[in-house]
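Numbering (the numbering used here), first residue to last: 12 to 562.
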């Protein structure tokens, strides 16, 4: 069986998903192994107020970039931790003396603090900005000369600010350092005009009114431990080196952007949303219809096997002799409540599931079998009748269907003319030559051919010459307008003459009133027949046992 493009797409997609899942679980298994080999312990981490790296809310809970990074590392390695409040000026000494185990965000100063153990991984992407107070309209971006002689406030021990002061001094720009204990004090001095400038990142609240005059990058910062906690640093590095896909800093950047670059977070959310929408669109347009089609096919097949599809039969009557000459087999479906449904309620499922081929074969075989049953009923034993079923142009163009229909006729040894295949008139819009060949093969196997719904939408008289038909069925609209429309009466009379000349049957569908019968009887053609509710509604095969028009 050849696989279509959608099937290949589904298989490839599933393989990609399976590979992704395997990789995901392999990674998780690897880290579970690392966890199991690491003895659970509790470490002391130095906490110092440095918004937004470290800060506390009103309830005293710690937040910030360093906190979230630390929490991510510890939670992935089964390490518990507690904070110890430290002063940034004495924190390094406390770390050396093993009063604390870890400090976040220190610079690696060469030939100094040799007792300290630094992580291999940089945990910062810190761009710093100089904010100034004064006549900001007169200060151009990057004009550092403005700072000469101005008061520069910073938190004591802030290496980034001290480095900047030394850099400015190197270029002949001398500022007056004003040291304070917290960042909030720096902003307060700026607000009180007791300081002219400070260095900070963009996330700091309270700096919106001040002008940013320069951006600079001070360098890498690290997680720092001591001899006692060097194994923790080792495991932190292991996690940072191995847990992030493609680029080890991906997750670091996400955490960092959450605090410092919310614009990037917003952009990523938009891009992620667009990606999700695109993926969902692909699923909806390609995968979902494919899966839905499979589900519908399974449902229709299940109903076929369970015997939930039925054929109801409506008589085709000779109005002059008042006898049945045939029955049209009409598809019905029995639901779970044993309610009989018409095609109006389930035909869309058959279309969406592309099940016309399978279902038409089922209907054909069912009609053949039912014919043998009905012909043994007492009221039909000696009657010459046929059963008709609908056939679409798609089946006529399907060589496999034609071959199977011929095989059914042979296997069941059908009586010649006992089964009529009604083909819609739109067949003319198809490959007429191929269809005529198919019709010839079907007729040779014993089937009758009818042109159904003749006159609907358009009528093409040439089809009556080009197709070897046995009967024409006129649509219900002709019966509705009989005796009302002169044009309708003339069309019926004209088609009747054609069938009379060619010795074919003419069946008028949808007859419901007695006056319609009387009008039809006026047609001078003994091969005119009637189908409609005037004689009977469609009946199941059991009801046919008791049905007869003969008195």
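Where is the CB? At the ideal position from N, CA and C, for every residue including glycine.
Item                                                                                                                                                                             : Value
What are the start and end residues of the beta strand (DSSP E) that includes residue 339?                                                                                       : 334–345
Counting pairs of Cβ atoms below 8 Å between the segment 286–305 and the segment 517–533, do you hit three or more?                                                              : no
Mind reading off the beta-carbon distance from residue 538 to residue 517? Whole number of angstroms is fine, and I expect it under 8 Å.                                         : 6 Å
Is residue 277 helix, strand or coil when you go by DSSP?                                                                                                                        : helix
I'd like to confirm the pairing. Which residues does DSSP put opposite residue 550 in its beta bridges?                                                                          : 324
Output the distance between the C-alpha atoms of residue 179 and residue 154, rounded to the nearest integer angstrom.                                                           : 12 Å
Measuring only the C-alpha atoms, how far is residue 351 from residue 543?                                                                                                       : 19 Å
With which residues is residue 95 paired in a DSSP beta bridge?                                                                                                                  : 57
Whole angstroms are fine: how far does the CA of residue 293 sit from the CA of residue 112?                                                                                     : 51 Å
Quick one: give me the first and last residue of the beta strand (DSSP E) that residue 208 is part of.                                                                           : 208–211
Excluding the 5 residues flanking residue 444 on each side, which residues of the same chain have their C-beta closer than 8 Å to its C-beta?                                    : none
Is DSSP giving residue 128 helix, strand or coil here?                                                                                                                           : strand
Thinking residue 415 and residue 452 are a contact (beta carbons under 8 Å), I'd like their distance in whole angstroms, please.                                                 : Their Cβ separation, rounded to whole angstroms, is 12 Å, which puts residue 415 and residue 452 out of contact at 8 Å.
Identify every residue that forms a DSSP beta bridge with residue 358.                                                                                                           : Per DSSP, none; premise fails for residue 358.
Kindly give me the distance between the Cβ atoms of residue 210 and residue 139, rounded to whole angstroms, as I take these residues to be in contact under 8 Å.                : 5 Å
With a threshold of 8 Å on Cβ separation, who are the neighbours of residue 369 within its own chain once the five nearest residues in sequence on each side are excluded?       : 311, 312 and 315
Look at the alpha carbon of residue 118 and the alpha carbon of residue 131, and state the distance between them as a whole number of angstroms.                                 : 12 Å
Measuring straight from C-alpha to C-alpha, what distance separates residue 496 and residue 412?                                                                                 : 41 Å
In terms of residue numbering, what span does the alpha helix (DSSP H) encompassing residue 144 cover?                                                                           : Per DSSP, residue 144 belongs to no alpha helix (DSSP H) and is neither H nor E.
Residue 482: buried (16+ other C-beta within 10 angstroms of its C-beta) or exposed?                                                                                             : buried
Would DSSP call residue 292 helix, strand or coil?                                                                                                                               : helix
Going by other Cβ atoms of all chains shown within 10 Å of its Cβ, with 16 needed for buried, is residue 406 buried or exposed?                                                  : buried
Quick check: residue 354 and residue 343, are their CB atoms within less than 9 Å of each other?                                                                                 : yes
Would you call the segment 381–388 and the segment 548–562 touching, i.e. three or more CB-CB distances under 8 Å?                                                               : yes
Taking DSSP as the reference, what is the three-state secondary structure of residue 529?                                                                                        : helix
Taking 9 Å as the cut-off, decide whether the C-beta atoms of residue 166 and residue 192 are in contact.                                                                        : yes
At the level of alpha carbons, what is the spacing between residue 365 and residue 304?                                                                                          : 8 Å
May I ask which residues mark the beginning and end of the beta strand (DSSP E) holding residue 434?                                                                             : 430–435
What's the call for residue 284, buried or exposed, on a 16-neighbour Cβ count within 10 Å?                                                                                      : exposed
Please report the Cβ distance between residue 54 and residue 90, rounded to the nearest whole angstrom; I am assuming they are in contact, meaning their Cβ atoms lie under 8 Å. : 6 Å
Going by C-alpha to C-alpha distance, which of 84, 491, 515 and 463 sits closest to residue 252?                                                                                 : 84
Whose C-beta lies closer than 8 Å to the C-beta of residue 560 among residues of the same chain, with five residues either side of it excluded?                                  : 326, 328, 333, 334, 335 and 546
What number of angstroms, rounded off, separates the C-alpha of residue 390 from the C-alpha of residue 302?                                                                     : 48 Å
Comparing alpha-carbon positions, which option in 238, 426 and 461 lies nearest residue 106?                                                                                     : 238
Comparing alpha-carbon positions, which option in 479, 175 and 77 lies nearest residue 56?                                                                                       : 77
Sorted by chain position, which residues of the same chain lie with C-beta nearer than 8 Å to residue 427's C-beta, five sequence neighbours on each side aside?                 : 457
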